[in-house]
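In case it helps, numbering that gives the first Met the number 0 puts the sequence shown at residues 0 to 268. Here's the structure we're looking at; comments come further down.
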Amino acid sequence: MTGLPRGICLSASMSEIVMRDYDTRISRLQGVYYYARYVDDIVVFTHRNPCYILKEMEKILQEEVGLKFNPQKTDIVNIVTCRCKPKCKCIGNCQCLNSCQCSKKSLLLNFEFLGYKFTLQDVVNPKEPLQISLAENKVKRYKTRIIYSILDYITNADISLLEKRIAYLTGNHIVKNNSEGAELKAGIFYSYPYINNYKILDDLTLFLRKAINAKEGAFGKKIGSCIKPTDYQRISKYCFRSGYLNRKEKVFSASEVRLIQRCWKYGKN
0 MTGLPRGICL SASMSEIVMR DYDTRISRLQ GVYYYARYVD DIVVFTHRNP
50 CYILKEMEKI LQEEVGLKFN PQKTDIVNIV TCRCKPKCKC IGNCQCLNSC
100 QCSKKSLLLN FEFLGYKFTL QDVVNPKEPL QISLAENKVK RYKTRIIYSI
150 LDYITNADIS LLEKRIAYLT GNHIVKNNSE GAELKAGIFY SYPYINNYKI
200 LDDLTLFLRK AINAKEGAFG KKIGSCIKPT DYQRISKYCF RSGYLNRKEK
250 VFSASEVRLI QRCWKYGKN
């Protein structure tokens with residue numbers, strides 16, 4: 000067996016030591032003005048041809064640690080000041096700048112990094128700031144947990160447990176106190192504090208309310224036969240945007256957290 004075994008305490012530290020020289024070499028590549036890596040997630044900003052930089056990164060990765068990039072998880076995002084610039088034949092003062100339509104016909108580009116989805120225009124526009132939302136896999140995780148929570152409620156009819164699960168998903172909570180006595184917090188805000196595009200939070204709230212009020216299909220018939228109007232009101236009051244912006248916090252005991260997470264881990268009781 001080669002490589003580092005998963006699960007042991009030293010694996011993360013050993014992998015960081017192995018990647019240290021690689022990080023240094025990439026950050027010093029000509030044209031690279033920002034480089035960051037978190038475990039196996041890497042982001043690079045460069046003013047040179049990104050294809051060239053990527054080729055160099057792959058070459059150095061093979062030399063340093065004998066690894067390769069996953070092409071399915073590797074993206075190149077090109078941002079320009081003007082698409083017409085390479086075609087411009089003006090010398091000195093650009094005569095065609097006033098007729099340029101690039102900024103009016105910009106395209107939206109996006110990439111994902113560390114649980115976030117970044118959306119920006121392909122032509123630099125200071126009036127249109129970078130939009131930061133949740134990555135697609137994180138959105139899918141929230142939706143899956145909502146459905147599993149409701150399915151478990153259909154089985155046990157425990158509205159209090161369902162409400163705790165929804166409160167846990169839409170809000171924030173204290174994980175534990177660190178060695179210095181400070182509270183460590185988690186939840187929709189503390190896990191993703193840099194979101195500035197709240198539409199995805201509204202979409203998640205809408206998904207929750209449609210799921211709890213479903214009428215059609217096998218799922219709708221099951222939930223419709225067991226949920227009461229008062230139960231629906233208890234659940235529908237929860238809102239992802241509100242939990243995020245107001246940093247709403249709930250206190251859960253360790254046993255409550257285990258019970259809340261149980262159906263998410265196994266998809267059942």
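Even glycine gets a Cβ: it sits at the ideal position worked out from N, Cα and C.
Tell me whether the beta-carbon of residue i lies closer than 7 Å to the beta-carbon of residue j.
i	j	result
residue 188	residue 140	no
residue 75	residue 49	yes
residue 113	residue 40	yes
residue 145	residue 210	yes
residue 239	residue 200	yes
residue 168	residue 175	no
residue 109	residue 116	yes
residue 44	residue 33	yes
residue 172	residue 249	yes
Count the other CB atoms, across all protein chains shown, that sit within 10 Å of the CB of residue i; report buried if there are 16 or more and exposed otherwise.
i	result
residue 16	exposed
residue 132	buried
residue 186	buried
residue 38	exposed
residue 223	exposed
residue 35	exposed
residue 119	buried
residue 191	buried
residue 134	buried
residue 13	exposed
residue 254	exposed
residue 269	Lying outside 0 to 268, the shown extent of the chain, residue 269 is not represented and no answer is given.
DSSP has residue i in a bridge; who is on the other side?
i	result
residue 118	109, 130
residue 123	Partner(s): none; residue 123 has no beta bridge.
residue 79	122
Pick out whichever of the options has its Cα sitting closest to the Cα of residue i.
i	options	result
residue 20	56, 227, 106, 204	56
residue 258	239, 163, 210	163
residue 70	59, 62, 53	53
residue 264	127, 143, 73, 119	143
residue 170	204, 25, 195	204
residue 233	208, 59, 147	208
residue 256	165, 243, 221, 213	165
residue 46	29, 61, 36	29
residue 244	63, 197, 214	197
residue 228	130, 35, 158, 120	158
residue 63	22, 26, 127	22
residue 73	42, 58, 60, 66	42
residue 150	193, 59, 220, 27	220
residue 226	130, 155, 68	155
residue 148	262, 212, 26	262
residue 128	136, 160, 194	194
residue 136	121, 160, 111, 230	111
residue 65	236, 18, 212	18
residue 260	161, 181, 230, 122	161
Notebook entry, point to check: In chain order, which continuous runs of the alpha helix (DSSP H) of length 4 or greater are located wholly inside the stretch 168-212?
Noted result: 187-190, 198-211
Item checked: Within the stretch 218-262, ranges of the beta strand (DSSP E) (whole runs, at least 3 residues) -> none
Checklist line | Runs of beta strand (DSSP E) lying entirely within the stretch 10-56, each at least 3 residues, in chain order | finding: 31-37, 40-45
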